[in-house]
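Visitor:
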Amino acid sequence: MQSSSELFPVALMSAEFRGDLSEDVYRLKPSNSPDFSVELALTRLGMANHGEDRGVPVILIPGSFSNRRFWYSPKCIGLGPYLARAGFDVWIAEMRGHGLSPRNLDYRNNTVADYARYDLPAIAAFVREQTGQAPHWIGHSLGGITLAGALGGHYLREDDVASVALFGSQISRVYWPLKVPPVEWGARLLLKGVSVISGSRLKRGPEDEPIGLIRESLRWHGLFGRFGEGKKNDWWKGLAEVNVPVLAVGADGDLQDPAWGCRKLLEQFGSERRRFLCLGKKQGFSDDFGHVEMLVSKPAQEEVWPLTEHWLRHLSLPAALEPAAQTVPDVSSAQ
């Protein structure tokens, strides 16, 4: 790989203009995990006429069964292009084996722990090297959970994080059947011969997910499960030691990751600056947003994207929303 970094091999795969935007696609080979075949795609968006004059960096992490197109459509519509046009230096990461990131040799055993321990720190290091600034991070669904794991596990240093925004991300919803050990064991047995879960077949998204991710989730939600890497690293407990600005966004119409769970994840952070935002009619929004619609929809474009930009610029919400957003209870010790 041609190197444009002093950290590890990095290849510039393409450099194109997409209308008023510039798009550079990098492929990183950090070689920092047990599987040395891992390569990570990172797409950088900016204004075509700005040259090297870049703004504050923002890294976007998509959720499960998804890729960079969640943030950036082929027609250059999405939160990514919106933030780029607002003057931010936008980086869109794709986890190992997703989108433009090739499948690694041990793809079927990939886990959130791999993403959090190895991939996000490598991405943070490269973006900091290229920009000279600590980036803001935005994650949706599993992308937000991965960010929480990286922070709770102390894999991402606080000086690598200007702020974090978690959309539709929670770990507290209880799946009661999995609390019965024979049911969990049976689920593991059924999955033993499976390598991937098809997003297109389940109508969940364009990407597959490795079975390692599913096994990991079964462990988290089992009878004595905790959010983390077993007993050796309790991410949930570690979040209480994290002190970076955090915005958590839930939605009244989100049936997959309910708003109360998103709020509970926020409450576990030890951060002095925490804000919670619920997207629903009761809060004055035009609709009870859903899990995807909170970021990918016409109403999101008009109502949610500007709020996200405001958070990135001020680490607060507009004055009309601040009183409710500040009413986050003290950190709870229960997951």
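Numbering (full-length UniProt numbering), first residue to last: 1 to 335.
Glycine included, each C-beta is placed from N, C-alpha and C at the ideal position.
#1: When you compare only the Cα positions, how much space is there between V112 and G87?
#2: Would you list the one or two residues that DSSP bridges to R27?
#3: Can you give, in chain order, each stretch of the alpha helix (DSSP H) that sits fully within the stretch 276 to 320 and has at least 4 residues?
#4: For the alpha helix (DSSP H) that contains A124, what are its first and last residues?
#5: Classify R201 as buried or exposed, calling it buried when 16 or more other Cβ atoms lie within 10 Å of its own Cβ.
#6: What span of residues does the alpha helix (DSSP H) with L142 cover, start to end?
#7: Would you check if there are 3 or more beta carbon pairs closer than 8 Å linking the stretch 203 to 216 to the stretch 98 to 113?
#8: Around the C-beta of residue 345, are 16 or more other C-beta atoms found within 10 angstroms, so that it is buried, or is it exposed?
#9: Terminal residues of the continuous alpha helix (DSSP H) containing E216?
#10: I'd like to know whether the C-beta atoms of residue 396 and S169 end up nearer to each other than 7 Å.
#11: Secondary structure at E158, three-state DSSP: helix, strand or coil?
#12: Excluding five sequence neighbours on each side, which residues of the same chain lie with their C-beta closer than 7 Å to the C-beta of R131?
#13: For H136, which residues does DSSP report across the bridge?
#14: Could you check what DSSP says for E267 in three-state terms: helix, strand or coil?
#15: DSSP state of R204, grouped into three classes?
#16: Please classify L239: does DSSP put it in a helix, a strand, or coil?
#17: In whole angstroms, give me the CA-to-CA distance for C76 and I59.
#18: Does F17 pass the burial test, meaning 16 or more other C-beta atoms within 10 Å, or should it be called exposed?
#19: CA-CA distance, R27 and D106?
Guide: According to the structure data:
#1: For this step, residue 112 is matched to residue 112 along the sequence shown. For this step, residue 87 is matched to residue 87 along the sequence shown. Taking the straight line from one Cα to the other gives about 31 Å.
#2: Along the sequence shown, one-based indexing puts residue 27 at 27. Answer by DSSP bridge pairing, in chain order: A11 and A41.
#3: 298 to 314
#4: Within the sequence shown, numbered from 1, the residue matching residue 124 stands at position 124. Its alpha helix (DSSP H) spans residues L120 to T131.
#5: Taking the first residue of the sequence shown as 1, we reach residue 201 at position 201. Exposed: under 16 other Cβ atoms inside 10 Å.
#6: Taking the first residue of the sequence shown as position 1, residue 142 is located at position 142. Looking at the DSSP string, the run of the alpha helix (DSSP H) that includes L142 is L142 to G152.
#7: yes
#8: The structure shown does not extend to residue 345, since the chain is modelled only from 1 through 335, so no value can be given for it.
#9: By 1-based counting over the sequence shown, the position of residue 216 is 216. Per DSSP, E216 belongs to the alpha helix (DSSP H) from I211 to W220.
#10: Look at the range of the chain in this structure, 1 to 335, and you will see that residue 396 is not part of it.
#11: Translated into positions along the sequence shown, residue 158 becomes position 158. The answer is helix: DSSP assigns E158 an H, G or I state.
#12: What you label residue 131 is simply residue 131 of the sequence shown in a count that begins at 1. The sequence given here places Thr at residue 131; Arg does not occur at that position. For T131, where only same-chain residues beyond five positions count, the Cβ hits under 7 Å are R54, P57 and D89.
#13: Working through the sequence shown from its first residue, we reach residue 136 at position 136. For H136, which the question treats as bridged, DSSP gives the partners V58 and S163.
#14: Stepping through the sequence shown from its first residue, residue 267 is reached at position 267. E267 falls in the helix class under three-state DSSP.
#15: Counting from 1 along the sequence shown, the entry for residue 204 is found at position 204. Note: R204 maps to coil in three-state DSSP.
#16: Start at 1 with the first residue of the sequence shown, and residue 239 comes out as number 239. L239: helix per DSSP, three-state reduction.
#17: Position 76 of the sequence shown, counting from 1, holds the residue named residue 76. Position 59 of the sequence shown, counting from 1, holds the residue named residue 59. Whole-angstrom Cα-Cα distance: 17 Å.
#18: Sequence index remark: in the sequence shown, residue 17 carries index 17 (1-based). By the 10 Å Cβ count, F17 comes out exposed.
#19: Residue numbering aside, residue 27 sits at position 27 when the sequence shown is read from its first letter. Residue numbering aside, residue 106 sits at position 106 when the sequence shown is read from its first letter. Computed Cα separation, rounded: 18 Å.
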